[in-house]
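>
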Amino acid sequence: MTSRENEGAPGTSHAELLRSARHLMSLLTESERGGGAASSDVPCSSQDIRERRQIGQNERSGNQPPRPSIQMELTRSFPGMFTKGKGKRCFPPVSLVPAKRPKPVEVAFHLFPKQYEKTPKEQDQLVHLQAGLGRRTVYLDESTTHDEPGHLVPSASHFLVESDMFVMAGRMVGHSFVHGGPCLSGLSPAVVHVLFGGSPETATVTPEDCPDLDIRETIRLLEGESELSDKDKTSVQELAYAWDLPGLTGNNRRWLFEKMLIHAVIGRVTRQIKQFRRGLKETPMWTLLTKRPDTVAQLFPQERAVDCNPAIILQHITWPHEDDDDDYSLDTKCCISGYLRHFIENASPDELTDLLKFWTGWEIMPRNNLSIEVVKGSFPTASTCFETLRIPGHYKDYASFKNDILACIGTCQTGFRLV
1 MTSRENEGAP GTSHAELLRS ARHLMSLLTE SERGGGAASS DVPCSSQDIR ERRQIGQNER
61 SGNQPPRPSI QMELTRSFPG MFTKGKGKRC FPPVSLVPAK RPKPVEVAFH LFPKQYEKTP
121 KEQDQLVHLQ AGLGRRTVYL DESTTHDEPG HLVPSASHFL VESDMFVMAG RMVGHSFVHG
181 GPCLSGLSPA VVHVLFGGSP ETATVTPEDC PDLDIRETIR LLEGESELSD KDKTSVQELA
241 YAWDLPGLTG NNRRWLFEKM LIHAVIGRVT RQIKQFRRGL KETPMWTLLT KRPDTVAQLF
301 PQERAVDCNP AIILQHITWP HEDDDDDYSL DTKCCISGYL RHFIENASPD ELTDLLKFWT
361 GWEIMPRNNL SIEVVKGSFP TASTCFETLR IPGHYKDYAS FKNDILACIG TCQTGFRLV
C-alpha cells in the first residue's frame with residue numbers, strides 16, 4: 001500500500017485536473033434524467049467512483065438540491081436584463097436618442113404693389129408695411145424636398161444595396177407593367193441609358209441629375225471659363241481626389257467636369273443599376289424591352305411627357321349609373337358628376353396631376369378606366385388599388401365641392417406612394 005501511495009503522490013495534480021475535466025463533461029452531456037454517466041472506455045479512479053456512488057445515494061434519498069433553471073441562470077448572470085419585479089435595476093433604462101430638429105432656413109421676400117428694380121428705401125418700406133405689404137420672412141426646413149421632374153436616380157444607400165432592395169424594385173416595376181399597374185416615371189435618361197446596356201461615357205448627364213446639392217455646386221464650379229478662387233479650387237481638388245480623379249489644371253477643366261458629373265450620377269450607383277437590371281430580367285418584360293427598344297419609353301416615361309390634360313382624363317372615366325342598391329338617386333349622381341366634370345375642365349395642370357395621384361396613387365394615366373362612386377360620407381376618398389374615386393352626395397353647390405376636392409387632393413404628397 002505504501003508503494004502505491006508513493007507512486008500516486010506525484011500524480012495528484014494530474015488526477016485533480018482529470019477529475020475536473022470529467023466533471024465538466026458530465027455537466028455538458030447531462031440528460032433530463034439527471035447527471036449522465038461518463039463513457040465506459042475512460043478509466044476512472046477510486047475517488048471518482050466513491051463520488052458517483054455518493055451522488056447516486058443523494059438522488060435516491062431525495063437530498064439532491066434542485067438544478068437552477070435557465071431563467072434563474074440568466075437572471076443571476078444578467079440581472080439588469082432578466083430581473084422581474086420592482087427591484088433596483090443594475091442598468092439604466094434604454095432611452096431613445098431624440099432626433100435633431102430640422103434646421104430652419106430663413107427666406108425673406110417683399111410684397112410690393114408694383115414691380116421694383118431695386119430694394120426700396122426704409123421710408124418707402126415703412127409705407128408699404130403700413131399698407132400691409134413690405135418685407136416678409138418665412139422659415140423652411142432644411143430637409144424640405146424639392147422634386148426635379150425627370151431627374152430621378154437610384155439612392156446611393158449602402159444598406160439598400162446590401163439588402164438587394166433594388167432587385168426587388170426591378171421585379172416590382174416589371175410585374176406592375178405586366179399586370180396593368182403604374183409605370184416608373186421621372187427616371188433620369190442617363191440612368192435609363194445605362195440600365196439597358198449603354199456606356200456611362202455616352203450617357204446624357206446634366207447637373208440636375210446629381211441629387212447631392214453640395215456635390216452639384218462643387219461640380220458646377222467647373223462650368224464656364226471664369227477664374228476660380230482658391231477656396232473653390234480647394235473644394236474641387238478635394239472632391240476629385242476623393243474619387244481618384246486627377247487634380248484641376250489649366251487644360252483639363254472641361255474633361256474633369258464631365259468625369260466628375262458622370263461619377264456623381266452614374267458611378268456612385270453602378271451596383272444599384274445592376275441590381276435593378278437583374279430584377280427586371282426576372283420578369284417577362286426584359287425580353288420585350290431588349291427586342292423592342294421603343295417600348296422602354298412606355299415603361300419609363302418622362303415625367304414632363306406625361307399627358308395629363310382634361311380631355312384624356314374625361315375619356316378614361318366610367319361615370320356612375322343608376323343602381324337599386326345605391327344610396328343616392330340618379331339625379332344626385334348626375335349633379336355630383338357634373339361638379340367633377342366642371343372641376344376637371346377648369347383645373348390647372350398641377351391640380352390635375354394631384355387629382356390623378358389622389359385617385360390612382362400615381363401621376364401616370366392608368367390603362368384601365370377610372371371609376372366614380374357617389375357614397376355617403378364627409379369628404380372625397382379614393383381606393384387607389386381599384387382606381388375608384390368615392391365622392392359624397394351631400395354637396396348642394398359647386399363652391400363647397402371644389403373646396404373639399406382641393407383640400408383632399410392636396411394630401412396626395414403624403415400618401416402611401418411616397419412612404
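Position 366 of the sequence shown, counting from 1, maps to 366 under UniProt numbering, and the rest follow consecutively.
Ideal Cβ positions, reconstructed from N, Cα and C, are used throughout, including at glycine.
(1) Taking only the alpha-carbon atoms, compute the straight-line gap between E322 and T360 and give it to the nearest angstrom.
(2) Alpha carbon to alpha carbon, how far is residue 505 from F257?
(3) I409 lies in the alpha helix (DSSP H); which residues open and close that run?
(4) Quick check on the burial criterion: 16 or more other C-beta atoms within 10 angstroms. Buried or exposed for K333?
(5) From V236 to F358, what does the alpha carbon distance come to, in whole angstroms?
(6) Determine the extent of the beta strand (DSSP E) in which T295 is found, giving its start and end residues.
(7) Can you look up A382 in the DSSP assignment and give me helix, strand or coil?
(8) DSSP state of S371, grouped into three classes?
(9) So, under 8 Å CB-CB, L245 and D232 are touching, yes? Tell me the CB distance rounded to an integer number of Å.
(10) So P392 is in the beta strand (DSSP E); what residue range does that whole segment cover?
(11) Since D350 contacts C412 with CB under 8 Å, what's their CB separation in whole angstroms?
(12) Given this structure, state the Cα-to-Cα distance separating V269 from K281, to the nearest angstrom.
(13) Let me check one thing: in DSSP terms, what residues is L152 bridge-paired to?
(14) Would you kindly work out how many angstroms separate the C-alpha atoms of C408 and L228, rounded to a whole number?
(15) For the alpha helix (DSSP H) containing Q315, list its first residue and its last residue.
(16) Near V178, which residues of its chain fall below 7 Å by C-beta distance, leaving aside the five closest residues on each side in sequence?
(17) For the candidate residues Q115, P211, L195, L261, whose alpha-carbon lies nearest to that of A156?
(18) Rounded to the nearest angstrom, what separates V375 and P301 at their Cα positions?
(19) Which residues does DSSP list as the beta-bridge partners of T204?
(20) Identify every run of the alpha helix (DSSP H) within the stretch 197-261, keeping only runs that are complete inside it and at least 4 residues long; order them along the chain.
(21) According to the neighbour-count rule (16 or more other Cβ atoms, all chains shown, within 10 Å of its Cβ), is A240 buried or exposed?
(22) Whose C-beta lies closer than 8 Å to the C-beta of W243 among residues of the same chain, with five residues either side of it excluded?
(23) Check whether the Cβ atoms of residue 434 and I372 lie closer than 8 Å to each other.
(24) Mind checking V127: buried by the 16 CB within 10 Å criterion, or exposed?
(25) Comparing alpha-carbon positions, which option in V167, M172, P182 lies nearest F386?
(26) Is it true that the CB of M168 sits closer than 8 Å to the CB of G247?
Checking against the coordinates, here is how it stands:
(1) Each residue's alpha carbon lies about 24 Å from the other.
(2) In the structure as shown, the chain starts at 1 and stops at 419, and residue 505 therefore has no counterpart that could be examined.
(3) Its alpha helix (DSSP H) spans residues 398-409.
(4) Per the 10 Å Cβ criterion, buried.
(5) In a straight line, the C-alpha of V236 is about 43 Å away from that of F358.
(6) Unbroken run through T295: none, as it is neither H nor E.
(7) Residue state, collapsed to three classes: strand.
(8) Strand at S371.
(9) Contact doesn't hold; Cβ gap of about 16 Å is too wide.
(10) The continuous beta strand (DSSP E) containing P392 extends over residues 388-392.
(11) Contact doesn't hold; Cβ gap of about 11 Å is too wide.
(12) Across the structure, V269 and K281 are spaced so that their CA atoms are roughly 19 Å apart.
(13) Per DSSP, L187.
(14) Approximately 49 Å between the Cα atoms of the pair.
(15) Element bounds for Q315: 310-315.
(16) Excluding positions up to five away in sequence, the list reads T283, P284, M285.
(17) Comparing Cα-Cα distances from A156 to each of Q115, P211, L195, L261, the minimum goes to P211.
(18) Those two C-alpha atoms are separated by around 35 Å.
(19) Beta-bridge pairing links T204 to no other residue.
(20) Qualifying alpha helix (DSSP H) stretches, in chain order: 213-220, 230-242.
(21) With 16 or more other Cβ atoms inside 10 Å of its own Cβ, A240 counts as buried.
(22) Around W243: M260, H263, G267.
(23) In the structure as shown, the chain begins at 1 and stops at 419. Residue 434 is therefore absent and cannot be evaluated.
(24) Classification of V127: exposed, given that the 10 Å Cβ count is below 16.
(25) It is P182 whose Cα lies nearest to the Cα of F386.
(26) Taking 8 Å as the Cβ cut-off, G247 and M168 do not qualify as a contacting pair.
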